[in-house]
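Since the structure comes first, as structure tokens, the remarks are kept for the end.
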Amino acid sequence: MTDNDLITAVRESFTGVHSATAVDRIESRGRALRVRRRAAGLAGALAVGAAVAAAVTALGPAGHQQPSHPGGIQLAAWTVVRQADGTIDVTLRQLRDPAGLQRTLRADGLPAAVTFSGQLPSSCQRFAADGALIRRVFSGHQAGGYPVMVIHPAALPAGAGVAINPPDQWPITNVAIGLVQASPQCTGS
Amino acid sequence: MGTEPDFAEFYHRARDDCLRTVLVSVGSQDRAQDLVDEAFARACASWRTVGRHPAPAAWVVRTALNANISRWRRRHREIPVADPETVADRPAPAGADSSTVDPRIMAALLHLPPRQRQVVALRLFLDLDTGRTAEVLGVAPSTVKAHLARAIASLRDELVPTHQQES
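Chains W and G supply the protein sequences, listed in that same order.
By our numbering, the letter at position 100 of the first sequence is numbered 100, and the numbering carries on one by one without gaps.
By our numbering, the letter at position 105 of the second sequence is numbered 1105, and the numbering carries on one by one without gaps.
Rendered as structure tokens:
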């Protein structure tokens, strides 16, 4: 059996799979989504107006409240933004350039070990931590379909660093996180 | 005026292939149907843009798979774990719902790692070339080729009797 025969056999095994949903139902749902989006767009415009007003106020003497990377470091694969309250938001869009993400986090003063292999670097040792501590250091949500980790550096115990090790697979269905013992070999400091 | 094709025409042409592609990824026909319906509805809502996409069916599949992540996130909220380890969203077992696919073939597909399964689905059912598949999955073209080769080798091991492989 050639590769083409195999591929044909797999493809043909799905010929009995058909979508049963009528186009009317899809279009009706599409119209509802469009209406909802327009309503959300209007609300968003109002919110932007309010945010601009707030930003003008913040640009006064209280400039130290700005993020350490104004506007965030925008890369195709991931984004790191340090918030005014000291938390660090990491948004993962693609699993590319783990070394760059690690460098960026370390430059923000966060001892970090990042891999996109699902594995801790061999130079790292886990830091004994219970679930409550992990929850104080990490929280998470989703934005635009991508996982966002919120790291709370102030909650890191002395001698600990963060480990971010999602497995190398798409879509990103999970992000493995944990604490490691900070060391020059593992977390850079 | 836009030059995009009619949405209904696109839907009738692409819906089965999109469903099959997502089915291979999530392993449950009922869940795949829900995800694909919602993705097509979103495509319909943004048809002026999506209709001009170079591969609108790939857009639908990607939207469906992203919605599957959202669904997973809603069910699991946060996953703070003491040790860095993976918590995979396992596909439902074959035959768990109304899928009409040969259970042996479905089982072989579900034994593939998720990324290999997605590459196979995009290549087989959407007929995407290596470059477009790489774009949809956010990986390098060489990675797509490697995953496809490994996936075919695994499928061959599972589906083709040994005496046939040797002949």
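The C-beta atom is built at its ideal place from N, Cα and C for all residues, glycine as well.
Fair warning: this is a prediction, and the values are worked out from it, not measured in the lab.
When secondary structure is reduced to three states using DSSP, residue 28(W) falls in the helix class.
Counting C-beta atoms within 10 angstroms of its own C-beta, residue 1131(G) has fewer than 16 neighbours from the protein chains shown and is therefore classed as exposed.
Residue 1130(G) has a beta carbon lying at 8 Å or more from every beta carbon in chain W. For a cut-off of 8 Å, the C-beta gap from residue 114(W) to residue 105(W) is around 7 Å, short enough to register as a contact. Closest option to residue 98(W), judged by alpha-carbon separation, among 163(W), 29(W), 32(W): 163(W).
Note on geometry: alpha-carbon atoms of residue 83(W) and residue 157(W) lie some 20 Å from one another.
The CB of residue 1156(G) comes closer than 9 Å to the CB of 1, 3, 6 in chain W, given here in chain order. Contact between the segment 1151 to 1161 of chain G and the segment 1046 to 1063 of chain G is not established, with fewer than three Cβ pairs separated by less than 8 Å. Here DSSP, grouped into helix, strand and coil, assigns residue 139(W) to strand. Contact check for residue 166(W) against residue 116(W) passes: the beta carbons are separated by less than 8 Å. Between residue 79(W) and residue 150(W), the gap from beta carbon to beta carbon reaches 8 Å or more. Listed along chain W are 1, 6, 9, 10, each with a C-beta nearer than 9 Å to that of residue 1159(G).
Under the DSSP definition of a beta bridge, residue 1024(G) lacks any partner.
A distance below 8 Å between beta-carbons, with the five flanking residues on each side excluded, links residue 1140(G) to the following residues of its chain, in chain order: 1134.
Judged by DSSP in its simplified three-state form, residue 159(W) adopts coil rather than helix or strand.
No Cβ of chain W is located within less than 8 Å of the beta carbon of residue 1055(G). Within the segment 1097 to 1142 of chain G, the complete alpha helix (DSSP H) runs of at least 4 residues fall at 1103 to 1110, 1114 to 1125, 1130 to 1137. The Cβ-Cβ distance between residue 1138(G) and residue 94(W) falls below 8 Å.
Residue 1052(G) does not reach chain W, its nearest Cβ partner there being about 16 Å away, counting only Cβ pairs nearer than 9 Å. Secondary structure at residue 129(W): coil, using DSSP grouped into helix, strand and coil. Rounded to the nearest whole angstrom, the C-alpha separation of residue 1042(G) and residue 1149(G) is 33 Å. Residue 1116(G) is a Cβ neighbour of residue 1151(G), given a cutoff of 8 Å. Taking C-alpha positions only, residue 140(W) is separated from residue 35(W) by approximately 29 Å. Within chain G, 1041, 1042, 1045 have C-beta atoms less than 7 Å from the C-beta of residue 33(W), given in sequence order. Rounded to whole angstroms, the separation of the alpha carbons of residue 1029(G) and residue 1065(G) is 14 Å. For residue 104(W), not one C-beta of chain G is nearer than 8 Å to its own C-beta. The criterion of a C-beta distance shorter than 8 Å is satisfied by residue 33(W) and residue 1045(G).
Chain G places a beta carbon closer than 8 Å to that of residue 18(W), counting this residue as a contact.
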